[in-house]
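In this note's numbering, the protein residues as written are 5 to 336.
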């Protein structure tokens with residue numbers, strides 16, 4: 005079999021594996037608050053998240069096109085197939101390590117940093133599409149800050165509206181609302197995260213000369229959405245524990261506020277074709293909600309650990325991807 009065909013098949017397999025791992029790694033983001041407040045039992049929440057992730061994944065393609073062309077130029081990428089395979093291996097390894105230790109790191113930071121690192125190893129710093137890459141970095145940096153603010157505002161609004169309601173009646177009503185907000189959260193997660201894999205596969209198809217436009221083929225959309233949905237069905241209970249309880253003690257009203265705040269930020273980014281870290285957005289929204297309740301109620305030690313992971317993910321994975329490229333380049 006032709007070496008180029010083998011490389012492309014490997015890329016598709018590893019890309020779908022990354023999407024699958026992303027599904028169970030990031031499932032917690034969409035359902036952690038609803039599970040921790042007992043609005044939904046874990047199995048029901050995971051199943052609902054899987055379905056909504058799939059629907060969200062096949063609905064939009066703007067983020068996928070941004071991944072295809074904004075990090076590197078797919079039509080000028082030197083040894084592109086090996087670059088992409090190295091990036092996928094590095095990102096998958098990082099996701100598995102952080103999942104094992106229950107750290108809510110960013111799959112988005114991992115794959116974007118990995119593509120950049122492998123491309124630099126292959127063709128130097130001039131291989132990056134700096135205008136697009138900087139735009140993506142800005143989205144990754146500012147989206148958690150926006151989510152933090154949104155969480156604070158939404159929770160403040162909830163406190164104002166529910167100021168005269170009793171705790172029992174409020175919890176009962178909000179738990180019902182949380183079913184809807186958790187579904188919305190899972191849908192928006194699919195609209196942004198699954199598209200990254202679609203963009204990677206399309207980038208690979210262009211780099212090997214099998215595609216001449218940045219259009220996302222239907223088989224790519226369906227396979228990525230399916231991989232994300234299947235991964236979601238496995239669940240990420242280690243990270244549910246961190247996101248859903250270690251940042252702050254979550255009540256139903258807090259969970260609904262965090263879901264609404266983060267879903268609005270993620271979906272807004274999807275509409276303007278920007279990839280964001282759903283992990284960072286949701287964790288930041290929870291911190292914002294906690295700050296609106298009581299600043300001391302947020303466990304800032306855990307928050308600092310999460311922020312540190314955000315900071316080190318991209319450079320660490322970039323270096324690892326560069327190393328993977330150098331090794332793979334000896335064989336391909």
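Just so it is clear, CB atoms sit at the ideal spot from N, CA and C, and this is done for glycine as well.
- Beta-bridge partners assigned by DSSP to residue 280: none are found.
- Residue 142: member of the alpha helix (DSSP H) spanning 134-165, first to last residue.
- With contacts defined by Cβ atoms closer than 8 Å, residue 97 and residue 229 do not form a contacting pair.
- Around the beta carbon of residue 134, fewer than 16 other beta carbons lie within 10 angstroms, which makes this residue exposed.
- Shown here, residue 311 sits in a helix according to DSSP, grouped into three states.
- Bounds of the alpha helix (DSSP H) holding residue 274 are 256-275.
- According to the DSSP secondary-structure assignment, residue 86 is paired through a beta bridge with no residue.
- When rounded, the separation of the alpha-carbon atoms in residue 187 and residue 145 is 26 Å.
- The residue among 208, 114, 255 and 16 with its C-alpha nearest the C-alpha of residue 39 is 255.
- According to the DSSP assignment, residue 48 belongs to the alpha helix (DSSP H) that extends over 46-61.
- Beta-carbon to beta-carbon, residue 265 and residue 143 are separated by about 17 Å, too far to satisfy the 8 Å threshold.
- Each of 335, 317, 278 and 237 was checked against the Cα of residue 35, and the nearest Cα belongs to 237.
- Judged by DSSP secondary structure, residue 334 falls outside any alpha helix (DSSP H); it is assigned neither H nor E.
- Sorting 85, 43 and 286 by C-alpha distance to the C-alpha of residue 11 places 85 at the top.
- Among the bridge pairs identified by DSSP, residue 76 is matched with 132.
- For residue 214, there is no enclosing alpha helix (DSSP H), since its DSSP letter is neither H nor E.
- The continuous alpha helix (DSSP H) containing residue 228 extends over residues 222-238.
- At a Cβ-Cβ threshold of 8 Å, residue 190 and residue 43 do not count as neighbours.
- Put simply, the segment 210-219 touches the segment 7-25. At least three CB pairs are less than 8 Å apart.
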